[in-house]
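K.L.:
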Amino acid sequence: MGSSRDVSQYSDPSKLKTEADGSFKRPASTFRNSIEKGGQYEPERDRYHLYVAYSCPWATRALIMRKLKGLENIIPVTVVSPRMDAHGWPFANVDNFPGADTDPLYESEHIKDLYLRASPDYQGRFTVPVLWDKKTHTIVNNESSEIVRIFNSAFNELLPEGKAILDFYPEALRKEIDELNEWIYDSINNGVYKTGLATQQEAYEKAVTKVFEGLDEVEKILTGKDYLLGDRLTEADIRLFVTIVGSIYFLPLTIILIAFKIRFDPAYVGLFKCNIRTIRAGYPAIHKWVRQLYWNNEAFKSSTNFDHIKAGYHSSLVTLNPFRIVPVGPIPNIEPL
């Protein structure tokens, strides 16, 4: 599905805009509906479809929760290529990157085609994840934090008891989870982007300082513990994991960028200039925590694709990496326990 309207300001990653002071401000998501019994979008088997990119930490949040809750047979998933072009996230028929899929519903070329199908006058970035309703042919939600919560509870009546009782946002811990999520998002999840996409020195230094202050605090929290909230895996761990696991891959660039050791080390340390410390060498408690989640929980391991992470950041953000060189390291992708 094509469009004669020029939407490149929203789709082309090279046209990302910053504020007057050189800082990056993430726009709010647009589609914010929920799935609930008796509502516009009822919980039904095979009514909804999830579109993701392995290279996007926001999208992999949804993938992890989908796996943890056993929703694979209820909500199918399609993976786009990690190499964004001027039209945004492409499907495999445009860029046949290993592990990418074609769109099984509409044979779309890019994620933007879905947005314009749902709303021809849409003005905003064409992001993943996208939770799509096949019955009404529209986007239910494109805000990852809300999709995670939808997956956590909306489909429980369709799940076996062993999966339905799993609750990663339990009522007794919601206040603590919300407090953790708020500052971790600002300083770390979004902080690496505010650092890497800053266009002025002062904005960069302010953002990068906050990233590592946040990591220092997380290191204190995780010292001697398996999870952020003691002995229980919660939504807060999922939200932090996706940033940390991607940070490992960005150390070896010719320009030093900031990233966390796993997504942090592969992408943010080098490409995003988050290079004060790495996760592997600088944060032993975080490093142990992220490895335990990866190696001991299939939902985290199966949702992490290091080739997509490296290719996504280094091939798409051409303003930061104009020759699109994808680093070989770090080796190994993630260290054993």
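The opening position of the sequence shown corresponds to residue 1 in UniProt numbering, with each subsequent residue numbered one higher.
Ideal Cβ positions, reconstructed from N, Cα and C, are used throughout, including at glycine.
Alpha carbon to alpha carbon, what distance is there between E19 and Y204?
P.N.:
Stepping through the sequence shown from its first residue, residue 204 is reached at position 204. Stepping through the sequence shown from its first residue, residue 19 is reached at position 19. Whole-angstrom Cα-Cα distance: 12 Å.
K.L.:
Would you check whether the ligand MG has a heavy atom nearer than 7 Å to the C-beta of S55?
P.N.:
Looking for the ligand MG in the displayed structure turns up nothing, as the structure carries no ligands at all.
K.L.:
Could you tell me if S302 is buried or exposed, where buried requires 16 or more neighbouring beta carbons within 10 angstroms of its beta carbon?
P.N.:
Taking the sequence shown and counting its residues from 1, one reaches residue 302 at position 302. The residue is exposed, with fewer than 16 neighbouring Cβ atoms inside 10 Å.
K.L.:
Out of R32, T278, G99 and K225, which has the shortest C-alpha to C-alpha gap to T138?
P.N.:
By 1-based counting over the sequence shown, the position of residue 138 is 138. The shortest Cα separation from T138 among R32, T278, G99 and K225 belongs to R32.
K.L.:
Where does W295 fall in DSSP's three states?
P.N.:
Taking the sequence shown and counting its residues from 1, one reaches residue 295 at position 295. W295: helix per DSSP, three-state reduction.
K.L.:
Output the boundary residues of the alpha helix (DSSP H) element that contains R215.
P.N.:
To locate residue 215, count along the sequence shown from 1; it is residue 215. The sequence as given places Leu at residue 215; Arg does not occur at that position. Q201 to L222 is the extent of the alpha helix (DSSP H) around L215.
K.L.:
Tell me which residues share the same chain as D216 and place their Cβ nearer than 6 Å to its Cβ, disregarding the 5 neighbours each side in the sequence.
P.N.:
Taking the sequence shown and counting its residues from 1, the one referred to as residue 216 is at position 216. Closer than 6 Å at the Cβ level, and outside the excluded window around D216, lies no residue.
K.L.:
From G70 to N156, what does the alpha carbon distance come to, in whole angstroms?
P.N.:
For the purposes of this step, residue 70 is taken as the residue at position 70 of the sequence shown. For the purposes of this step, residue 156 is taken as the residue at position 156 of the sequence shown. So the two alpha carbons sit approximately 10 Å from each other.
K.L.:
Measure the alpha-carbon distance for Y293 versus R125 and round it to whole angstroms.
P.N.:
What you label residue 293 is simply residue 293 of the sequence shown in a count that begins at 1. What you label residue 125 is simply residue 125 of the sequence shown in a count that begins at 1. For the record, residue 293 in the displayed sequence is Leu; it is not Tyr. L293 and R125: Cα-Cα distance of roughly 31 Å.
K.L.:
Alpha carbon to alpha carbon, how far is E72 from R66? Give it in angstroms, no decimals.
P.N.:
Here residue 66 corresponds to residue number 66 of the sequence shown, with the count starting at 1. Here residue 72 corresponds to residue number 72 of the sequence shown, with the count starting at 1. Going from the Cα of R66 to the Cα of E72 covers about 7 Å.
K.L.:
For W295 and S55, what's the separation of their Cα atoms in angstroms?
P.N.:
For the purposes of this step, residue 295 is taken as residue 295 along the sequence shown, with counting starting at 1. For the purposes of this step, residue 55 is taken as residue 55 along the sequence shown, with counting starting at 1. Approximately 19 Å, taken between the alpha carbons.
K.L.:
Between the alpha carbons of R174 and V94, how many angstroms are there, rounded?
P.N.:
In the sequence shown, counting from the first residue as 1, residue 174 sits at position 174. In the sequence shown, counting from the first residue as 1, residue 94 sits at position 94. Their Cα atoms are separated by approximately 42 Å.
K.L.:
Which value, in whole angstroms, describes the spacing of the CA atoms of K194 and F212?
P.N.:
Mapped onto the sequence shown, residue 194 falls at position 194. Mapped onto the sequence shown, residue 212 falls at position 212. Approximately 13 Å between the Cα atoms of the pair.
K.L.:
Between the Cα of K225 and the Cα atoms of I244, V208, N190 and P284, which residue gives the shortest distance?
P.N.:
Here residue 225 corresponds to residue number 225 of the sequence shown, with the count starting at 1. Nearest of I244, V208, N190 and P284 to K225, Cα basis: P284.
K.L.:
Buried or exposed, going by whether 16 or more other CB atoms sit within 10 Å of the CB of A172?
P.N.:
Residue mapping note: residue 172 aligns to position 172 of the sequence shown, counting from 1. Exposed, since its Cβ has fewer than 16 Cβ neighbours within 10 Å.
K.L.:
So if DSSP puts residue 340 in a beta bridge, which residue, or which two residues, is it bridged to?
P.N.:
Outside the displayed span of the chain (1 to 337) sits residue 340, for which this structure offers no information.
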